[in-house]
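Student:
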Amino acid sequence: MDIHILSFFLGTRAQHEIVHPAQTICDHLKSIQFDGLIFCLTSEAFKSLLRDAGFDVVEELVGYVETLDDLRAVINSDDPVKAVIIDVDFNLTASKLMRAHGYLKKNPECLFIGGAADTLITVGGKDVI
9 MDIHILSFFL
19 GTRAQHEIVH
29 PAQTICDHLK
39 SIQFDGLIFC
49 LTSEAFKSLL
59 RDAGFDVVEE
69 LVGYVETLDD
79 LRAVINSDDP
89 VKAVIIDVDF
99 NLTASKLMRA
109 HGYLKKNPEC
119 LFIGGAADTL
129 ITVGGKDVI
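Written out as structure tokens, the structure reads:
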């Protein structure tokens with residue numbers, strides 16, 4: 009995270025004074041020596057941070073669900089996912105949630121990690137969520 013950008017808004021802060029969900033989760037995974045596949049319901053920036061730290065992130069399927077067969081193909085996966093992470097994802101869909109649920113249901117040892125729990129997200133000066 010570039011603390012120089014934040015200093016414009018917050019004044020000078022040390023890196024350890026800033027809590028950033030993506031970095032905090034990444035640090036936690038490192039601290040427990042996590043080694044496994046991760047399914048993310050997060051922004052691309054969050055996924056990139058995890059990849060840059062050396063973690064394996066499930067690649068997202070691209071396409072549209074038009075039939076029940078399409079839905080089955082999107083939500084059912086044999087990927088050996090060991091962690092599901094949820095954070096802010098402006099492209100969240102029901103099929104992504106169903107897929108995450110499937111990973112968690114199939115593997116009782118699968119970690120479920122929640123990031124930001126903002127009740128409101130402001131974009132362009134307006135509360136959108």
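Under my numbering, the first residue of the sequence shown is numbered 9, with each subsequent residue one higher.
Glycine included, every Cβ here is placed at the ideal spot set by N, Cα and C.
(1) Would I94 and C48 qualify as a contact pair, given that the criterion is a beta-carbon distance under 9 Å?
(2) Excluding the 5 residues preceding and the 5 following N84 in the sequence, name in chain order all residues of the same chain whose CB lies nearer than 7 Å to its CB.
(3) Please list the terminal residues of the continuous beta strand (DSSP E) segment that includes I94.
(4) Whole angstroms is fine: what's the gap from F63's alpha carbon to F42's?
(5) Just grab the DSSP bridge partners of L45 for me.
(6) So I46 packs on A91, CB below 8 Å; how close in whole Å?
(7) What does a CB cutoff of less than 7 Å around K151 pick up in its chain, not counting 5 residues either side in sequence?
(8) Could you work out which residue in D86, N99 and S56 is closest to L112 when comparing CA atoms only?
Tutor: The short version:
(1) Mapped onto the sequence shown, residue 94 falls at position 86. Mapped onto the sequence shown, residue 48 falls at position 40. Yes, the pair counts as a contact, with Cβ atoms nearer than the cut-off.
(2) Indexing the sequence shown from 1 puts residue 84 at position 76. Excluding sequence neighbours, N84 sits near G110.
(3) As a working mapping, residue 94 is identified with position 86 in the sequence shown. Where I94 is concerned, the enclosing beta strand (DSSP E) stretches over V89 to I94.
(4) As a first step, residue 63 must be located in the sequence shown, where it is residue number 55. As a first step, residue 42 must be located in the sequence shown, where it is residue number 34. Distance between the alpha carbons of F63 and F42: 8 Å.
(5) Walking along the sequence shown from the start, residue 45 turns up at place 37. Answer is D64 and V89.
(6) Translated into positions along the sequence shown, residue 46 becomes position 38. Translated into positions along the sequence shown, residue 91 becomes position 83. Sure, about 5 Å apart at Cβ, within 8 Å.
(7) An answer regarding residue 151 cannot be provided, because it is not within the stretch 9 to 137 covered by the chain.
(8) In the sequence shown, residue 112 corresponds to position 104, counting from 1. Per the Cα distances, D86.
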